[in-house]
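See structure below.
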Amino acid sequence: MFQKYINSRCGIVRGLSFLVLLVILWSYFYDSAITEAVLASALRQSTPLALGALCGLMGERSGVINIGIEGQMLLSAFVGFLVSVWTGNLLFAVLTGVATGAVIGLLLAFMSVSLRIDQILGGTVINILGFGLTGYFYQVGLNTKGKLQSISLGPLQDIPLLGPVLFNNPPITYLTLVLVLVVHYVLFHTHWGLRTRAVGEHPRAVDTLGINVFLMRYTNVVLGGAIAGLAGSFLTLEAVGSFERGMTNGRGFVALAVMIFGKWTPIGSWGAALLFGLAIALQTQLQFGGQTIPHQFIGMLPYLLTVVVLAGFVGRARPPAAVGTPYTKE
Amino acid sequence: MTQQPLLELHGITKRFGDALASDHIDFNLYPGEIHVLLGENGAGKSTLMNIIYGLSTPDAGNIILKGNSVKIKQPRDAIGYGINMVHQHFMLIPVFTVAENIMLGHETRWGFSLDKKKASQEIQQLSQDYGLEVEMDALVENLPVGLQQRVEIMKALYRETKILILDEPTAVLTPREVEDLFRVMRNLTEKGISIILITHKLKEVMTIADRITVMRAGRVVGTTSPSKSSEEELAVMMVGRKVVLQIRKKPLQAKDVLLDVKEFTVSDDQQMEVLHQVSFQVRAGEIFGIAGVQGNGQTELALALAGLLPFNRGRVCLAGKVMPSLHPRVLMNHGWAHIPEDRQKHGLVLPYSVADNQILNTYHQPPFSSLLRRNKEVILVNSTRLIEQYDIRTSGPRNPVSELSGGNQQKVIISRELDRKICCLLANQPTRGLDVGSIEYIHQQIVRLRDQGVAVLLISSELDEIISLSDTIAVMYCGKIAASAPSDHWTKEQLGLMMAGYSPPPKSLTWGNRKLL
Amino acid sequence: MINPFHFLKKVWLTIDIPCAAVFLSAAIGAVLLNFSGANPLDAYGALFQGSFGGMSALGRTLEKATPLIFSGLAVAFAFKAGLFNIGTQGQLLFGALAAAVAGFGLAGMPGWLHAPLALLIGAFAGGIYSAVQGALKAYTGSHEVITGIMLNYVAINLTDYLTNGPLKDDTPGNIIARTPLVMETSWLHRIGSFPVGFGLALIASLVVWWFLERTTFGFEISTVGHNSHAASYAGMNVKLIIVWTMLLSGILAGFGGAVETLGVVHRYQPGFNIGLGFEGITIALLGKTHPVGVVLAALLVGAMKAGSSQMQFHAGVDKAIIDVILALILFFVAADVLIRKILRRRETKGEKVLFSTGWSK
């Protein structure tokens, strides 16, 4: 009976995705240019969410809640931006952004794995620290020398609809697609992934098998942090090209909802991120279309969507059993 | 034996705060033997085994393996030396398959990937060699406990174990499964594996042990063998005094039915129906024992009866009144008392003081509260009285209950529940994990209530406890009451068979003059 | 008889970690100031001058501390039930806006009625917004931290829209998104340099203390916080208690917003209350979730905010350094294990303070 219940839920999600596809196709025949633009924008809007969700799920799969993704993204965005201003080297800037995310991941791991403080509190500390530090060191009027440009993948770009949407993107957007697959492979097809998932479910069992629980958690949270750092770099170095106070705008938290919606799996999270991205892209489009809805209402949409997802009105799975509990050796 | 021991412990000492958990322990294990480590709960058996397995490090002493002194700092070292342990609480990942659980930490790789196929073949081979059948792709959470234990043993075999430690392996098994386990153990020793068996059950010791080491309060009392000893002797060694295993009680004078449960159906929190149309009656002055292997619906039955889990269908009458709904507070007002299975989860708020725990469910009633205000003085006076009356060892009513021993924590719950005027008591695993002194005390209290005319519903997976206390015994299997009859109509063997799911009940079973299912 | 030496020792053991956290953060802040080319001593000196140097500075400190006491109490109150009310920010915004609406909307009322009524309306606006979050937690199991943050963003957007649209100040020439000024009958005045709102905050913390320590409802809240299973065993309605706790926590937050509107800003203007909610978290933790601790912590943070302008003016340091120091304080009180190691002190009996409970429970 329970199985039936799950299946029906899956059915709803599948049906919804199919419906969305149909609507996209219909709108493509109706107005191809706008459809392409909206879809491309959806993909880009989904990039930081997908990356954030990857960061979140690496932590949670190993048993550590990361509610500090927002702060990680903000600080990485800021550091990446500063480095690009100072050196003008975008690649180097992205790398420092990624490194910043990893360092903050290290801080989070230190707090939640070694100090064993409340993980939600630890994440909140990182968020508030992120706002405080970027706010203090930010100076108005700094400008970068450009941002990461789109790379078109030759002939692939000429495929109708898919071409312009998928194969003409800046590097971090491509990298995100690759990372989704890589994380999926690592998590479900390598011994590292098997151990990571085990640590998130039953750390004591893993400890009795001679696997280092702390090392597993540290590594996953730090790598996750690096991915959040990439998301931050995306915001300043690929999407906007400059920094603003609080520019992450809650994406780090929305990413957690995306992760839950995606049932703690990379590919599911990516799908969920696309859905959120589509919602954001559509509202932007509506605004340009001269609709009379006040922009604040449209701006609320992703947040309300997140609440709806969290409340479990749409698809929900079982989180890793040991998530949020620090591990203590006897 | 003139052979060289496989494993020797010399002067192992381990301290937790002020308490000595292991006090200069000497112990040795010969190749191919089953060495039982016998002792009460809290005697220090598990601590000692955790030291051998590298889960904790001794403050002093040596571990000698095949004549060489070794340091075991973490489980990885132990596994490397061929030492494996099957823990009392299984160390399995419920959402993983059997194969994934077995290979975890010892994975077969192909490049970066897991080679699931090859691992499966290896495990298959292993299960044939040792005659341990398990389905490779089943999720562990869907397996019965007996099979989960088998997976644990296979985990050890997959790591080519030489010394296997089994920590209270029979606690969760039916008598039949225990026999199976013993057969497997013999099989293993024939192949040269040495086994350390930790237990507190005397009867098992006599059947399976080659040698026995008895521990009490962190010390080794002595080492003996079944042929040189008797159950009584071992009991005295284990507890340090003579134990009255027999409980004296007045003959049954059952009167009115106080608890009447009809066609009670319950689903667990994942919407699986775990209790199917259970019906039974408990009379005043009767102890109604429910025996059964853990996980056959007893937990859900108790939670649902206590109003902590919603029930789907059925009817419950308490003292002749039909309960419209089951809610802990309504039940309490009708004279219901509940000793919960998991005392630290349901029964106590650990950071709270003893006094606050003793009014946990009566806090809103006078004299403990007037209007909205809590009367702290009354609460303390009440606690002081209960501490004395129920002989609770604590430094005072303000002491956090987390600092009490397990036995005294249970006494806090008992003092709270039994001090009211009650007509029906639900006692679920009331003595689990306690020392003999506390067990005796709690049994006395339960019998005292019965003699006063309270209807007692006792749920326990300790068959001996059920047999010695109950007036009527029912067996639960797969969410149903398989049979129930007055206790003197059962033999232990029949109970064991019923617990393992052999129905219909054996012919020799007479059903008494009660209306049964 | 209380032994004075024992009493002092007990007090010290209660406050040593918060004190150490503050000093460590100030020290790191000094390093940062030095790094960005300012003299830390000058900066902290100016900060002190601006917050405690004279009656008017002191008044400013009390004024700044007032909403912080409320938001700190709101967060601390929810912590007692194991709930992390990070949505304090949004609740505070609604409280501030609702009080402003009551302040300019209800005409012709006497002062003794108008101000209290506007305060209560503000408080309940915050409370109801918070109860939504509590209901989501209790009945759908979604974690209050994420829903709280999402509802914060919703609140910002919604109040933004209202002050830009239906509730916009329509005085000729006004182009700023803000409500009209509230009527003078609803103002919370000062007595000398002592703001009335601060008095209200003190009363509120006293009431919260009494409520949590002395009533059966407080007992229920703390039981749910420590062990919700045992709470339902004891016959408490855990879900309802979660909703009630969030409602009351939100009322405290709403009060904070309302007091700020009626006592300081006298209208609602987006951006004026930002940060007060998050600072409530720092204050609740620094005050070890105890009402007295919250008041003391709020005074400290209030002083920092009151003196920050003076510091910016005299020592040329960006005000934002305060946010960094606050974040550091939060880090050190959260990571108290670290400070314990530095002070070489073990945890004393019953010292453990309850914050939030797990993710999906």
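One line per chain: the protein sequences are A, E and U, in this order.
So the first sequence is residues 631 to 960, counted in this note's numbering.
So the second sequence is residues 966 to 1482, counted in this note's numbering.
So the third sequence is residues 7 to 367, counted in this note's numbering.
For every residue, glycine included, the Cβ atom is placed at its ideal position computed from N, Cα and C.
The structure displayed is predicted, hence computed values, not measured ones.
I'd like the list of long-range same chain contacts for K86 (chain U), defined as Cβ closer than 8 Å, with 5 residues on each side in sequence excluded. Against the third sequence, residue 86 (chain U) aligns to sequence position 80. Cβ within range, chain order: L218, G224, I227, S228, G231, T251, T295, L360.
Any beta carbon from chain E within less than 8 Å of G942 (chain A)'s own beta carbon? Counting from 1 along the first sequence, the entry for residue 942 (chain A) is found at position 312. G942 (chain A) does not count as touching chain E.
According to the Cβ coordinates, are L971 (chain E) and D991 (chain E) closer than 8 Å? Position 6 of the second sequence, counting from 1, holds the residue named residue 971 (chain E). Position 26 of the second sequence, counting from 1, holds the residue named residue 991 (chain E). Cβ distance not < 8 Å, so L971 (chain E) and D991 (chain E) don't count as in contact.
How do the segment 147-162 of chain U and the segment 86-98 of chain U stand: do at least 3 beta-carbon pairs fall below 8 Å, yes or no? yes
Quick check on the burial criterion: 16 or more other C-beta atoms within 10 angstroms. Buried or exposed for M966 (chain E)? In the second sequence, residue 966 (chain E) corresponds to position 1, counting from 1. At M966 (chain E) the pLDDT is 49, less than 50, meaning the model places this residue with poor confidence and gives no usable figure here.
Rounded to a whole number of angstroms, what is the C-alpha to C-alpha distance between F1077 (chain E) and H821 (chain A)? The count along the second sequence starts at 1 and reaches residue 1077 (chain E) at position 112. The count along the first sequence starts at 1 and reaches residue 821 (chain A) at position 191. Each residue's alpha carbon lies about 8 Å from the other.
Using the Cα positions of S1011 (chain E) and G1183 (chain E), report the straight-line distance between them to the nearest angstrom. Numbered from its first residue, the second sequence carries residue 1011 (chain E) at position 46. Numbered from its first residue, the second sequence carries residue 1183 (chain E) at position 218. Those two C-alpha atoms are separated by around 10 Å.
Any C-beta of chain U within less than 7 Å: which residues of the segment 1326-1341 of chain E qualify? Residues of the segment 1326-1341 of chain E whose Cβ lies closer than 7 Å to any Cβ of chain U, in chain order: N1326, Y1328, H1329, S1334, L1337, R1338, R1339.
Mind pulling the chain A residues with CB within less than 8 Å of I1044 (chain E)? Counted from its first residue, the second sequence places residue 1044 (chain E) at position 79. Simply L839, G840.
Can you list, in chain order, the residues of its chain whose CB lies under 8 Å from that of E1125 (chain E), leaving out five sequence neighbours each side? The residue given as residue 1125 (chain E) occupies position 160 in the second sequence. Result list for E1125 (chain E): G1047, in chain order.
Please report the distance separating the alpha-carbon of K1480 (chain E) from that of K1166 (chain E). Residue 1480 (chain E) sits at position 515 when you count from the first residue of the second sequence. Residue 1166 (chain E) sits at position 201 when you count from the first residue of the second sequence. In this predicted model, K1480 (chain E) has a pLDDT of only 34, less than 50, meaning its place in the structure is not dependable; the value taken from the coordinates is given anyway. If I take the Cα positions, the gap works out to 35 Å.
Cβ-based burial, T1264 (chain E) [other Cβ within 10 Å; buried from 16]: For the purposes of this step, residue 1264 (chain E) is taken as the residue at position 299 of the second sequence. Counting Cβ neighbours within 10 Å, T1264 (chain E) comes out buried, since at least 16 surround it.
For K1038 (chain E), which residues of its own chain have a beta-carbon under 8 Å away from its beta-carbon, when the five flanking residues on both sides are left out? By one-based count along the second sequence, residue 1038 (chain E) stands at place 73. Closer than 8 Å at the Cβ level, and outside the excluded window around K1038 (chain E), lie G1019, T1022.
Less than 8 Å between the C-beta atoms of E1228 (chain E) and Q1218 (chain E), yes or no? Position 263 of the second sequence, counted from the start, is the residue given in the question as residue 1228 (chain E). Position 253 of the second sequence, counted from the start, is the residue given in the question as residue 1218 (chain E). Contact flag unset, no.
Chain A contact for I1160 (chain E) (CB, 8 Å cutoff): On the second sequence, residue 1160 (chain E) is found 195 positions in, with the first residue counted as 1. Not closer than 8 Å to any Cβ of chain A, the Cβ of I1160 (chain E) fails to qualify, so no.
Which same chain residues, not among the five before or five after M1171 (chain E), have their C-beta less than 7 Å away from its C-beta? In the second sequence, counting from the first residue as 1, residue 1171 (chain E) sits at position 206. Around M1171 (chain E): P1191, E1196.
Cross-strand partners of H1000 (chain E) (DSSP beta bridge): Sequence index remark: in the second sequence, residue 1000 (chain E) carries index 35 (1-based). BP columns for H1000 (chain E) point to E:I1161, E:R1176.
If you reduce the DSSP assignment to three classes, tell me which class N1326 (chain E) lands in. Here residue 1326 (chain E) refers to the residue found at position 361 of the second sequence. Note: N1326 (chain E) maps to coil in three-state DSSP.
If you draw a straight line from the alpha carbon of N637 (chain A) to that of A1271 (chain E), how long is it in whole angstroms? Counting from one through the first sequence, the residue named residue 637 (chain A) turns up at place 7. Counting from one through the second sequence, the residue named residue 1271 (chain E) turns up at place 306. Low per-residue confidence applies at N637 (chain A): pLDDT is 44, beneath 50, and the placement is therefore not dependable, though the value from the model is reported in the following sentence. The straight-line gap from Cα to Cα measures roughly 33 Å.
Can you list the alpha helix (DSSP H) stretches of 4 or more residues lying completely in the segment 1312-1392 of chain E, in chain order? 1319-1323, 1341-1354, 1371-1383
In chain order, what residues of the same chain lie with their CB nearer than 6 Å to the CB of M317 (chain U), ignoring the 5 residues before and after it? Within the third sequence, the letter at position 311 stands for residue 317 (chain U). Scanning its chain for C-beta atoms nearer than 6 Å, with the 5 sequence neighbours on each side dropped, one finds around M317 (chain U) the residues A49, A52, L53, V323, in chain order.
Just how far apart, CA to CA, sit P1305 (chain E) and G1312 (chain E)? Along the second sequence, one-based indexing puts residue 1305 (chain E) at 340. Along the second sequence, one-based indexing puts residue 1312 (chain E) at 347. In a straight line, the C-alpha of P1305 (chain E) is about 6 Å away from that of G1312 (chain E).
Rounded C-alpha distance that separates V271 (chain U) from L763 (chain A): The residue given as residue 271 (chain U) occupies position 265 in the third sequence. The residue given as residue 763 (chain A) occupies position 133 in the first sequence. Computed Cα separation, rounded: 28 Å.
Partner residues on chain A for S148 (chain U), Cβ-Cβ distance less than 8 Å: Working through the third sequence from its first residue, we reach residue 148 (chain U) at position 142. Those within 8 Å of S148 (chain U) in chain A are V937, L940, A941, G942.
Nonlocal neighbours in the same chain, by C-beta distance under 8 Å from A1084 (chain E), ignoring five residues either side: For this step, residue 1084 (chain E) is matched to residue 119 along the second sequence. Cβ neighbours of A1084 (chain E) beyond the five flanking positions: A1064, I1067, M1068, E1072, T1073.
Pairwise C-alpha distance: L673 (chain A) and V836 (chain A): Looking up residue 836 (chain A) in the first sequence gives position 206. Looking up residue 673 (chain A) in the first sequence gives position 43. Those two C-alpha atoms are separated by around 38 Å.
Using the Cβ count rule (16 or more neighbours within 10 Å means buried), how would you classify F110 (chain U)? Against the third sequence, residue 110 (chain U) aligns to sequence position 104. So F110 (chain U) ends up on the buried side.
Are there three or more Cβ pairs, one per stretch, closer than 8 Å when the segment 782-801 of chain A is compared with the segment 895-913 of chain A? Not touching, per the Cβ criterion.
Can you grab the Cα-Cα spacing for the pair A1174 (chain E) / Y1406 (chain E), in whole Å? Counting from 1 along the second sequence, the entry for residue 1174 (chain E) is found at position 209. Counting from 1 along the second sequence, the entry for residue 1406 (chain E) is found at position 441. The C-alpha of Y1406 (chain E) is placed about 30 Å away from the C-alpha of A1174 (chain E).
F217 (chain U): first and last residue of the uninterrupted alpha helix (DSSP H) it sits in: Sequence index remark: in the third sequence, residue 217 (chain U) carries index 211 (1-based). F217 (chain U) -> alpha helix (DSSP H) spans 202-220.
Within 8 Å (strictly less), CB to CB, does H1299 (chain E) reach chain U? As a first step, residue 1299 (chain E) must be located in the second sequence, where it is residue number 334. For H1299 (chain E), the answer is no, since every Cβ of chain U falls outside 8 Å of its Cβ.
Taking its Cβ as the centre, do 16 or more other Cβ atoms sit within 10 Å of N1206 (chain E), making it buried, or is it exposed? Taking the second sequence and counting its residues from 1, the one referred to as residue 1206 (chain E) is at position 241. First, the residue type needs correcting, since residue 1206 (chain E) is Arg and not Asn in the sequence shown. Exposed, because fewer than 16 other Cβ atoms sit within 10 Å of the Cβ of R1206 (chain E).
When the cut-off is 8 Å and only beta carbons count, does K1310 (chain E) lie next to chain U? Taking the first residue of the second sequence as position 1, residue 1310 (chain E) is located at position 345. Yes, K1310 (chain E) counts as interfacial toward chain U.
Roughly how many angstroms separate the alpha carbons of A1267 (chain E) and I999 (chain E), rounded to a whole number? Counting from one through the second sequence, the residue named residue 1267 (chain E) turns up at place 302. Counting from one through the second sequence, the residue named residue 999 (chain E) turns up at place 34. Spanning the two alpha carbons is a distance of roughly 38 Å.
Can you check whether the C-beta of E831 (chain A) is within less than 8 Å of a C-beta belonging to chain E? The sequence position of residue 831 (chain A) within the first sequence is 201, counting from 1. By this cut-off, E831 (chain A) is an interface position.
Our contact map puts A707 (chain A) next to L865 (chain A) with C-beta atoms below 8 Å; I'd like the distance itself, whole angstroms only. On the first sequence, position 77 is the one that residue 707 (chain A) refers to. On the first sequence, position 235 is the one that residue 865 (chain A) refers to. About 5 Å; that satisfies the 8 Å criterion.
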